[in-house]
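*Asks:*
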Amino acid sequence: MNYKENWDMESVFPGGSASEAFQKRLSEVKDSITAFSQELDNWELDEHSNDFASLKRILRHYEKISNALGEMGSFANGLVSADVTDQKALQNSNAVANLRKDFSSQNIILNKKISALTEDQFSKLIEDEFFKPMRFPLEEIRQKEKDLLSTQEETIINHLSLDGFQGWGNMYNQLVASIQIPVTEDNETVYYSAGQFENKMKSEENPKHREKLLKTWEETWEKKAYLFSTTLNHLSGFRLNNYELHDYKDYMKAPLDYNRMEEETLDTMWDTITKNKTPFKKYFERKAQLIGVDQLGWLDVTASVDVGDYTNKQYTYNEAATFIIDNFKSFSPKMAEMAHRAFEEQWIEAEDRPGKRPGGYCSNLPESKQSRIFMTFAGSTSNVSTLAHELGHAFHSYVLRDLPLFNQRYAMNVAETASTFAELVVSNATIENATSNAEKINLLDEKIARSATFMMNIHARYIFERNLYDERQQGTVDSNRLQELMEEAQKEAYQDALRSYHPMFWATKLHFHNTGVPFYNFPYTFGYFFSLGIYNRFLEDDTLLEDDYIALLRDTASMTTEDLAEKHLNVDLRKPDFWQEALDSVHKDIEEFLELTESYV
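Residue numbers (full-length UniProt numbering): 1 to 601.
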């Protein structure tokens, strides 16, 4: 099969960023929001009424508008990602953001009216077959209403956020788009975009060259450090001011509420991880010996090892697609079927070319009942893992597509569960299919390095962001201090195990500048180890089937994180047992790696 490396956006809205169909839809949705506003204003329910027909119509209308905004947003943002110079696509993205702002104001009114229902009315409401599946998200709306200001105040904040918050996120993206890194190749100077250079840096096999590339990377971003510190200060400052207006005593309230997660669970996870970092010191020491350095540097942690006559396997895009589909099939035929559709119907933008933004993501198309995946595929096993990861996100949305919209809105921590689970399926398959010790060592190393990322790299991001918000409450934090905070966090998270760090990481990592989710870090670690625990249980228990996994995914937006684990896994995430079980499997990987590499040092 010859799969194309570019996604199909024409089937969404023909004509690219100049699409007339897109502009027509913008106009239609604008009119729909106006009509929705009038419909909402006209809906009044006295305390003795139990006629919910109007609310049904309102929620159906709400879902239709939400889906349209999701479709348009994924389209416009996708075109910006694929070509950061496409100014028309950026305008389209901003136009969708404007409509979202208007619709969000109506959402505030809707939530307040739902919250105004008496307890008796709400009890009768959720007995209705239409509303019954939505019980949890509707209860959540009523609970969160206690934190809201008046409708007028919330609307003002919402309107100001477009330029005072979203605008700074857009500015960051534009700054990243301006990054051009000169590289000398064949006596010629070639300019790499941030995404291309990042791939080059991470795929470099020579440790000394890697260190030089990291130095160039750091210096390039440092030239604009004062601009990146401006975007980060304004983004964190807006959030803190918003929290203060809502009388939040702790800036962690918003990210924990968003992830439907208790602070006790988060603390238990990090505490258990911290207690389990010691085995990584032996792994780091052995890896340093294998790649010929005294001590690992920042990029060496995820670099490949060189043992025997094994050379890093390179995949064509078609080979990667076939490998992923085949291995998904071994666990879940339904996941494999969806992945085949994604490749066949061109849901994926994977071409390695200039002008693309760095990183990867999966975005939902709620009207088309599809997803679109963005990444830059250069042929490495890491790229294959990333592709599987994003397809895991797509599968999560796919299995929820028939549920009410409110029951599709899962949080980021459980979103990262589905993606990481898919990644594990493929990663373990590569290890099982290894044809030599040298190949198995290389693949095991890649898996362990990924565990180190979630246990240390992301822990550093979490520590940094906590310290940033602590200091930002006292005033702005300049770029020099941001570099200090980042290096301090990295040394703490890696327990001083590395010879070099990445002080400019706060600027190079999009996640710190994300406007959608506060504290865009710990959900990744949660998702990784939650999925690892789930995966291990499926390996150990033959009675667990594909449908059990899908049932868990379908509940991810319909209960708290703790209740989800209790219902489907019979575990208490507030206690260390489940986390320790997942971490024990990482220890086993390290032990096997040390045993297999003994003869190579």
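Virtual Cβ for every residue (Gly too), placed ideally from N, Cα, C.
Report all residues from its chain with a CB closer than 7 Å to the CB of N50; omit the five preceding and five following residues, and keep chain order.
*Replies:* Contacts found: Q121 and K124.
*Asks:* How far does the alpha helix (DSSP H) with T34 in it reach, from first residue to last?
*Replies:* First-last of the alpha helix (DSSP H) with T34: E20 to N42.
*Asks:* Who pairs with Q370 in a beta bridge, going by DSSP?
*Replies:* DSSP lists L365 as partners of Q370.
*Asks:* Could you give the C-beta distance for W579 and F529, rounded to a whole number, given that I count them as a contact under 8 Å?
*Replies:* With a Cβ gap of about 6 Å, W579 and F529 count as contacting.
*Asks:* Give me the Cα-Cα distance between E439 and A76, rounded to the nearest whole angstrom.
*Replies:* Their Cα atoms are separated by approximately 41 Å.
*Asks:* Helix, strand or coil for V183 per DSSP?
*Replies:* DSSP places V183 in strand when its eight states are reduced to three.
*Asks:* What residue range is occupied by the uninterrupted beta strand (DSSP E) comprising Y192?
*Replies:* Run containing Y192: E188 to Y192, per the beta strand (DSSP E) assignment.
*Asks:* What's the gap between the Cα of Y172 and the Cα of L485?
*Replies:* So the alpha carbons of these two residues sit roughly 20 Å apart.
*Asks:* Thinking C-beta only, is A89 closer than 7 Å to V80?
*Replies:* In this structure, A89 lies closer than 7 Å to V80 by Cβ.
*Asks:* Determine whether the beta carbon atoms of G324 and V426 lie at a separation below 7 Å.
*Replies:* In the sequence as presented, Gly is not what sits at residue 324; that position holds Ile. In this structure, V426 lies closer than 7 Å to I324 by Cβ.
*Asks:* Counting along the chain, where does the alpha helix (DSSP H) carrying residue 603 start and finish?
*Replies:* Nothing in the structure corresponds to residue 603, since the chain is present only between 1 and 601.
*Asks:* Report all residues from its chain with a CB closer than 7 Å to the CB of K30; omit the five preceding and five following residues, and keep chain order.
*Replies:* Excluding residues within five positions, the ones whose Cβ falls inside 7 Å are L99.
*Asks:* Among residues of its own chain, excluding the 5 on either side of R260, which ones have a beta-carbon nearer than 7 Å to its beta-carbon?
*Replies:* For R260, where only same-chain residues beyond five positions count, the Cβ hits under 7 Å are A411, T560 and T561.
*Asks:* In chain order, what residues of the same chain have a beta carbon less than 7 Å from the beta carbon of V517, not counting five sequence neighbours either side?
*Replies:* Same-chain partners within the cutoff: Y258 and M412.
*Asks:* So which of I373, A418, E595 and Q495 has the shortest CA-CA distance to S74?
*Replies:* Closest option to S74, Cα to Cα, is I373.
*Asks:* Return the residue from the list L539, F228 and W7 that minimises the CA-CA distance to S479.
*Replies:* Of the listed residues, the one whose Cα sits closest to S479 is F228.
*Asks:* Could you give the residue range of the alpha helix (DSSP H) that holds E204?
*Replies:* From DSSP, E204 is part of no alpha helix (DSSP H); its letter is neither H nor E.
*Asks:* With distances taken between CB atoms, is the gap from G392 to F421 smaller than 7 Å?
*Replies:* In this structure, F421 lies closer than 7 Å to G392 by Cβ.
*Asks:* For E351, collect the residues of the same chain with a Cβ closer than 6 Å to its Cβ; drop the 5 residues on either side in sequence, then sort them by chain order.
*Replies:* Hits under 6 Å: E5 and N6.
*Asks:* Under 8 Å Cβ to Cβ from D555, same chain only, skipping five residues before and after it: list those, please.
*Replies:* Excluding positions up to five away in sequence, the list reads L564, K567 and H568.
*Asks:* Less than 8 Å between the CB atoms is what I'm expecting for I273 and H459, so what's the real figure, rounded?
*Replies:* Between H459 and I273 the Cβ distance is about 7 Å, and since that is below 8 Å, they are a contact.
*Asks:* Using the three-state DSSP reduction, which class does E446 fall into: helix, strand or coil?
*Replies:* Helix, per DSSP.
*Asks:* Under 8 Å, with one C-beta from each stretch per pair, do the region 386-402 and the region 332-344 reach the 3-pair mark?
*Replies:* At 8 Å Cβ cutoff, the stretches touch.
*Asks:* Run through DSSP, which three-state label would E349 get?
*Replies:* E349: strand per DSSP, three-state reduction.
*Asks:* Taking contact to mean at least 3 C-beta pairs separated by less than 8 Å, is the region 429-445 in contact with the region 400-407?
*Replies:* Touching, no.
*Asks:* Does the Cβ-Cβ distance between E39 and I58 come in under 7 Å?
*Replies:* A contact, by the Cβ cut-off of 7 Å.
*Asks:* When you compare the CB positions of L544 and F538, do they come within less than 7 Å of one another, or not?
*Replies:* Yes, the pair counts as a contact, with Cβ atoms nearer than the cut-off.
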